[in-house]
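A.B. asks: The number in the numbering used here is simply the position in the sequence shown, starting from 1, with 593 added.
Idealized CB from N, CA, C, for every residue including glycine.
Keep in mind the model is a prediction, meaning the values are calculated, not measured.
First, the structure itself, so that you have it in front of you.
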Amino acid sequence: MNSKSDSSLQLKHRSSSYQRLKAKLKRNPSSFQAINKEAWPRPETPKEVLLHALKGGARAFLLAFGVRGGVILCLSLLRVMRKGGKIGHLISTSFKNETALRFGAMFGTFAFLWKLVNNGMRIQRDKDDRLNGLVAGAVAGLAILCERQERRVDIAQQLDILYFKNGDALLFALACGQILYSYTMQPHTLDPGYYKFMVATARVPGNLLRLSAKNVRGFPITPEETLKAISIHRPTPHAIAIASTISAHPVCTPCEALHPWIDGCSSTAVERFVKVCKSMFPVYGTLHFVPMLLLRNKHLRKDPQGMLKRTALATIKSCAMMGVFVTLYQMQVCTHRNLVKAGLVRTNSKYLYGIFGFVCSFVAIFLEEKKRRGELAMYCLPIALKSAYQIAYQRKWIIHIKHFEVLMTSVAMAVIMVRVCAFVNPR
């Protein structure tokens, strides 16, 4: 037992929260007994089961609704501070937001169905085992119907990879490779709001991306077309001179057609890193601080200085990660173009842009904390899979299955809740 404990302690910093919980329960059998199921509230009549489920559902709704509404409020405040506008009804509109209501309803419905079915089966079968968790999790997965249809696929895919134990950085990189391929070559397969966010963050204007994609696909471009594309972006005299002499079928569009407002790729990299970090600081500050205030207020009251310090550090790491991500991607694209200019490379495959995305994301993700890497992989993978699915569907490689996302959610929740029951009652 001591050797197992030492091994668990050595691997603690590299394990997921799921693995840490498992190691803790194995390491401390006495503490496991202290939280045994007999010590928990156990409704024993149908009326008690219904009341217990209603209370749990209401609590889950309020917590999820508060977190989502709080994030929307903070982001709205930042938008008003930057662009101006009225703030009189900001609080009411943030918490009356349909997104927040649906998010809270999904969690509330899940908690209600889970508690109702799990406890109901326990009473009916007079047995508390994994079968209860399997059935209750599958039924509770129907809570996904509270979300908009376009959001269900993303949530279902996130739940299906929740227990991906290893390779979170690799998974994130693979997902980003697909996303950045779509960003440059197939933007219509990305959500319009997400694509707009990518363009604003990467700071390469959409019309210049379309010009590059047109060239990659073999269509001719003209000097007039290139000049018109860069003219609205404060081009330098050097960029204008390069654009005015471009051929109809260059190997690739020059760097001057990607960052026409700055001469020099090194200067572009510095500008890109600084501006990305600056623009992302309010966003990541909100995403880190709001959950701390709403979900970890007990820890905050107990150790306010430590919690604030850790959250501020996490915000800085996230901003640095995004800055490195965007800068490395831009540097790879510029390096490729400089190699073409020097005559060392003669191709410009569309798949290069996905490979560049894989490389920059795999390097940048290690600036984040270990626990955040899995979260980012969970966030990016559904976007990548949805894009890949649309590309495959438009090429007629696959067929559409109606309400498949609901089935995915129910299966994922059944598996997850069986694992939860295995921890609570491992017999």
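Excluding sequence positions up to five away, which residues of its chain have a Cβ less than 6 Å from the Cβ of residue 831?
C.D. replies: 856
A.B. asks: Quick one: residues in its chain with C-beta nearer than 6 Å to the C-beta of residue 550, no 5 flanking neighbours on either side, listed in chain order?
C.D. replies: Examination of residue 550 is not possible in this model, given that the chain is present from 594 through 1020 alone.
A.B. asks: How about the segment 862-881 and the segment 913-926: do they share at least three Cβ pairs that are nearer than 8 Å?
C.D. replies: yes
A.B. asks: Can you tell me whether residue 841 is helix, strand or coil according to DSSP?
C.D. replies: coil
A.B. asks: Taking all protein chains shown into account, decide if residue 889 is buried (16 or more other Cβ within 10 angstroms of its Cβ) or exposed.
C.D. replies: exposed
A.B. asks: Taking buried to mean at least 16 other C-beta atoms within 10 Å of its own C-beta, is residue 775 buried or exposed?
C.D. replies: buried
A.B. asks: Excluding the 5 residues flanking residue 628 on each side, which residues of the same chain have their C-beta closer than 7 Å to its C-beta?
C.D. replies: The predicted model places residue 628 with a pLDDT of 45, which falls under 50 and marks its position as unreliable; any figure quoted below should be read in that light. Hits under 7 Å: none found.
A.B. asks: Three or more C-beta pairs under 8 Å: does that hold for the segment 643-662 against the segment 697-706?
C.D. replies: yes
A.B. asks: Might you give, ordered along the chain, the residues of its own chain that have their beta carbon closer than 6 Å to the beta carbon of residue 829, omitting 5 neighbours on each side?
C.D. replies: 856
A.B. asks: Give the straight-line distance between the Cα atoms of residue 822 and residue 975, rounded to the nearest whole angstrom.
C.D. replies: 33 Å
A.B. asks: Evaluate residue 892 with the Cβ neighbour count: other Cβ atoms within 10 Å of its Cβ, from every protein chain shown; 16 or more gives buried, anything less gives exposed.
C.D. replies: Residue burial annotation: residue 892 is exposed, with fewer than 16 other C-beta atoms found within 10 angstroms of its C-beta.
A.B. asks: Just how far apart, CA to CA, sit residue 939 and residue 919?
C.D. replies: 25 Å
A.B. asks: So what does DSSP say about residue 941, is it helix, strand or coil?
C.D. replies: coil
A.B. asks: To the nearest angstrom, report how far apart residue 624 and residue 943 are at their CA atoms.
C.D. replies: In this prediction, residue 624 has a pLDDT of 41, which is less than 50 and means its spatial position is unreliable; what the coordinates show is noted afterwards. In a straight line, the C-alpha of residue 624 is about 56 Å away from that of residue 943.
A.B. asks: So the alpha helix (DSSP H) residue 864 belongs to, where does it begin and stop?
C.D. replies: 858-888
A.B. asks: Just to confirm my understanding: we take residue 636, look at its own chain, exclude 5 residues before and 5 after, and list those with CB closer than 6 Å. What are they?
C.D. replies: 642, 645, 712
A.B. asks: Under the criterion of a Cβ to heavy atom distance below 7 Å, does residue 973 qualify as lining the ligand NAD?
C.D. replies: You won't find the ligand NAD in this model; it holds no ligand whatsoever.
A.B. asks: Relative to the C-alpha of residue 971, which residue among 700, 735, 767 is closest?
C.D. replies: 767
A.B. asks: Could you tell me which uninterrupted beta strand (DSSP E) segments, each at least 3 residues in length, are contained entirely in the segment 772-830, listed from first to last along the chain?
C.D. replies: none
A.B. asks: Cutting at 7 Å between CB atoms, please list the residues of its own chain near residue 930, excluding the five before and the five after it.
C.D. replies: Here the set comprises 845, 847, 848.
A.B. asks: Decide if residue 947 is buried, meaning its Cβ has at least 16 other Cβ atoms within 10 Å, or exposed.
C.D. replies: buried
A.B. asks: Looking at residue 1021: is its Cβ nearer than 8 Å to the Cβ of residue 874?
C.D. replies: As displayed, the chain neither begins before 594 nor continues past 1020, which places residue 1021 out of reach and without an answer.
A.B. asks: So the alpha helix (DSSP H) residue 852 belongs to, where does it begin and stop?
C.D. replies: That residue, residue 852, is in no alpha helix (DSSP H); it is neither H nor E in DSSP.
A.B. asks: Please work out which residues of its chain come closer than 7 Å, Cβ to Cβ, to residue 708, disregarding the five sequence neighbours upstream and downstream, and give them in chain order.
C.D. replies: 645, 646, 649
A.B. asks: Closer than 8 Å by C-beta to residue 693: which residues in its own chain qualify, once you throw out the five before and the five after it? Chain order, please.
C.D. replies: 658, 661, 662, 665, 687
A.B. asks: Between the alpha carbons of residue 907 and residue 854, how many angstroms are there, rounded?
C.D. replies: 33 Å
A.B. asks: When burial is assigned at 16 or more other CB atoms within 10 Å of the CB, is residue 815 buried or exposed?
C.D. replies: exposed
A.B. asks: CB-CB under 6 Å to residue 933, same chain, minus the five flanking residues each way: which ones, in chain order?
C.D. replies: 844, 845
A.B. asks: If you run the structure through DSSP and keep just helix, strand and coil, what is residue 909?
C.D. replies: helix
A.B. asks: Alpha carbon to alpha carbon, how far is residue 839 from residue 900? Give it in angstroms, no decimals.
C.D. replies: Distance between the alpha carbons of residue 900 and residue 839: 55 Å.
A.B. asks: Please name the residue in 741, 806, 736 whose C-alpha comes closest to that of residue 691.
C.D. replies: 741
A.B. asks: Buried or exposed, going by whether 16 or more other CB atoms sit within 10 Å of the CB of residue 895?
C.D. replies: Classification for residue 895: exposed.
A.B. asks: Flag this pair as yes or no: are the beta carbons of residue 973 and residue 772 separated by less than 8 Å?
C.D. replies: yes
A.B. asks: Could you tell me if residue 638 is buried or exposed, where buried requires 16 or more neighbouring beta carbons within 10 angstroms of its beta carbon?
C.D. replies: exposed
A.B. asks: What would DSSP say about residue 707, mapped onto helix, strand or coil?
C.D. replies: helix
A.B. asks: Within the continuous alpha helix (DSSP H) that includes residue 975, where are the two ends?
C.D. replies: 963-987
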